[in-house]
Structures are given as C-alpha cells and as structure tokens.
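Chains as they are written, first to last, in the working numbering: chain C, 1 to 152; chain Y, 1001 to 1152. Idealized CB from N, CA, C, for every residue including glycine. Quick caveat: nothing in here was measured; it's all calculated off a predicted structure. Encoded as structure tokens, the structure appears first; notes follow it.
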DNA sequence: GTTTGACCGAGTGGTTCACTCGGGTTACCA
DNA sequence: TGGTAACCCGAGTGAACCACTCGGTCAAAC
C-alpha cells in the first residue's frame, strides 16, 4: 500500500458515518455498513466503540439495532472525527505539544509546520458530515428501489 | 512521542538544509550540522545520501569537506524536500494512486482527502528554503563572532 | 428461546521508524 | 607520506504501530 498519514481507522470511520447518516433516524447495523462499504465488520466495531464514547453516534442494541448519528450531520465536522480516531492531525509533534522539542523558538521550520497544521485543520474543520453526505448523494449510487420508476 | 505524520527524516532534513544554506557557498560538514542542531551524525548521513542523489545538495569529499546547496535556496521548495524524504505527503493512498482503492468515484470522502492534499501541497509548495533561511535569520541565534562588536 | 447485533478485551503478524554499526574511499595538510 | 577529517554505503535492530482477528458476553426483537 502506498504511504499515507490518515489511518484506515479514520478513513473507514468517515465512510461509515456517511452511510449511517444516509439512513437518517433509523439505526443502521455495522453488518450493513460493512457489506455496503466492503469493510471488516469486526474492525468497524472497534471504531464505533470510540465514536459512541465520544458522543458522535448513539447505539441501539438487540435485533434490528445498530447505530445512528447522535447529532445532526451539520454539527459533526471531519476534523472532530479524524482527530478522534487518529489521535492528532499535526504534522510534527511540537505543533501540538511544545515540550516534545527543546528547540521551540530556535527552530527555522516551526512556522512551516504550524502553517501546514493550520491548513489541514482549516479544510477538515469547515467540512461537515452533512457536506459529505450531500456529495455522496450527487454520486447517486444504488438509487432507492421505490424511486426506480421515476427514471427513464 | 506524540503522533505525527511528517517523519524525523523530513524534519531533520529541512533543519539541516537551513543550516547548510546559511553557510552559502562554503561546504558544511554533517558533524557541524549534527552538533548545531543536536541530531545524530550517522542518521544525517543517511538523509543526505538521498538529498545528494536528488540533486538538492552537492558533496565535497575529504578533509574540510561537507555539503552545500546544489541550487540557490529560492529554487528548493519545502514540498520537494518533504516528498523526497517522506515518499509522499498524501493523506490517503487513493489520492496518489487510484488503483489502491476500488471505490474511486464511489466514495463520499474522495473530495475531502483531495482537498486536504491540495492544501498541504499548497503550503509546502509555496515555501522555499530561502524563506525558511530568512525566518531563521530573524531569530538571529548565535551571531557571528566578528559581528559582535557592532552591537550595544 | 433463538436470532440479531451491540459490547468488550486480548492477541497477532507484518511493517515501519529511527536510528546504530562497521566498514570503505577520498582529499586535505603537515 | 602519513594521519586525519569527512563523505559513502549496506546491513542490522529494537521498539512501536497498524490493521486487523478471535472469542466471548449482554440485550432486544420476533
């Protein structure tokens, strides 16, 4: 796999949340998400444990259970999700925690990394799950069966 | 160490290049860079082997040897250095290589990662080593001994 | 009372990271 | 001409991390 700095945890988490969001109020099971997105069911469980504890999704236990968004999708930013599942989005450690480097204030690259961090946080912070769901809708995959007759 | 996605290789490489750049035409040894920046000499050798092969620095062998910039610092972007030492700066693999994911054109997060990638490349691509050297100069550390008398 | 599906902790194989080690080879310099 | 400073190179290594899996418990629907 070619290198990347956003882990599959955050990637899968985002994709799964879009899927969950598409269902609206109805709970969606991870099994459904897993097959629809081609992901590991058990790995998703791990991810959703974190999302639930963070108050991003609510769970419904038992048969016909699953997950739904705990908030409206416009109140969930990509930044929140990625930071939660990734731990951090900072390019270098000193951007977040100044104690990890003894050369703070002496390092010529400080401004550079700080600008990169700012740019990333800006993109992720201004994009909400609602935006992603809308984009996903534009791809209009698998149109709902009951809408099929409207076409052609 | 707190998490980060720019490796020490790229970080150290940038810092070392600033140090090399400050010396202008004169070759600077890695030993000097290592002590000045508090880095491992042997690790720097590994990094500079890559920088040299990429045509970013020239080497001077033998005693009193070292490295100097192969181009003027305004022709070396942070992006070039980071991509070289990091391999890639893409947040997820599909941004660079579409074959790594079978869901290209079907994935709701595609645009998001593409925007993040664009933002990062924009920041790194518009910053040259000359800029970083100038910033570093503003911190005016260790003023040259022969300029000392000009102060106070 | 069986099926569905959320919940939980532990384990694991592979890879990457951040180096180090131990040697060359080249050139200055006395 | 010999010593020393420096670049050059490949291999190794311990720790951490990633992307999962396994095996099981608990809760609600049918």
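query, result
"Between residue 105 (chain C) and residue 1128 (chain Y), what straight-line distance do the alpha-carbon atoms span, to the nearest angstrom?", "20 Å"
"What residues match up with residue 128 (chain C) in a beta bridge as DSSP calls it?", "C:77"
"Return the chain-ordered list of same chain residues with a C-beta closer than 8 Å to the C-beta of residue 1056 (chain Y), the five sequence neighbours on each side being excluded.", "1017, 1069, 1070, 1071, 1076, 1080, 1081 and 1084"
"Within its chain, find whatever has a CB closer than 7 Å to the CB of residue 73 (chain C); leave out the 5 residues flanking it on each side and keep chain order.", "21, 128, 129, 130 and 133"
"Is the shortest distance between the beta-carbon of residue 73 (chain C) and the beta-carbons of chain Y less than 8 Å?", "no"
"DSSP three-state call for residue 15 (chain C): helix, strand or coil?", "helix"
"Using DSSP bridges, identify the partner residues of residue 1068 (chain Y).", "Y:1058"
"If the cut-off is 7 Å on Cβ atoms, which residues from the region 1014 to 1028 of chain Y count as contacting chain C, listed in chain order?", "1014, 1015 and 1018"
"Assess, as a yes-or-no matter, whether the region 1105 to 1123 of chain Y is touched by the region 1042 to 1049 of chain Y under the definition of 3 or more beta carbon pairs within less than 8 Å.", "no"
"Going along the chain, which residues of its own chain have a beta-carbon closer than 6 Å to the beta-carbon of residue 103 (chain C), five neighbours each way excluded?", "none"
"Is residue 33 (chain C) near residue 86 (chain C), with beta carbons less than 8 Å apart?", "no"
"Residue 126 (chain C) to residue 1041 (chain Y), Cα distance in whole Å?", "42 Å"
"Thinking just about the alpha-carbon of each residue, which of C:63, C:49, C:119 and C:95 is nearest to the one in residue 27 (chain C)?", "C:63"
"For residue 1019 (chain Y), count neighbouring Cβ atoms within 10 angstroms of its own Cβ and tell me buried if that reaches 16, exposed if not.", "buried"
"Does the beta-carbon distance from residue 119 (chain C) to residue 1092 (chain Y) come in below 8 Å?", "no"
"Sort C:100, C:98, C:13 and C:8 by Cα distance to residue 54 (chain C) and report the nearest one.", "C:13"
"Residues in the same chain with beta-carbon distance under 8 Å from residue 1095 (chain Y), minus the five sequence neighbours each way, listed in chain order, please.", "1113, 1114 and 1117"
"Does the CB of residue 1108 (chain Y) have a neighbour CB from chain C at under 8 Å?", "yes"
"To the nearest angstrom, how far is the alpha carbon of residue 1066 (chain Y) from that of residue 1008 (chain Y)?", "21 Å"
"Exposed or buried, what is residue 39 (chain C) when buried is set at 16 or more other beta-carbons lying within 10 Å of its beta-carbon?", "buried"
"Looking at the strands, I want to know which residues DSSP matches up with residue 1028 (chain Y).", "Y:1067"
"Counting only C-beta atoms, is residue 59 (chain C) closer than 8 Å to chain Y at any point?", "no"
"Does residue 92 (chain C) come within less than 8 Å of chain Y when only Cβ atoms are used?", "yes"
"Can you tell me which of the three DSSP states residue 1101 (chain Y) falls into?", "coil"
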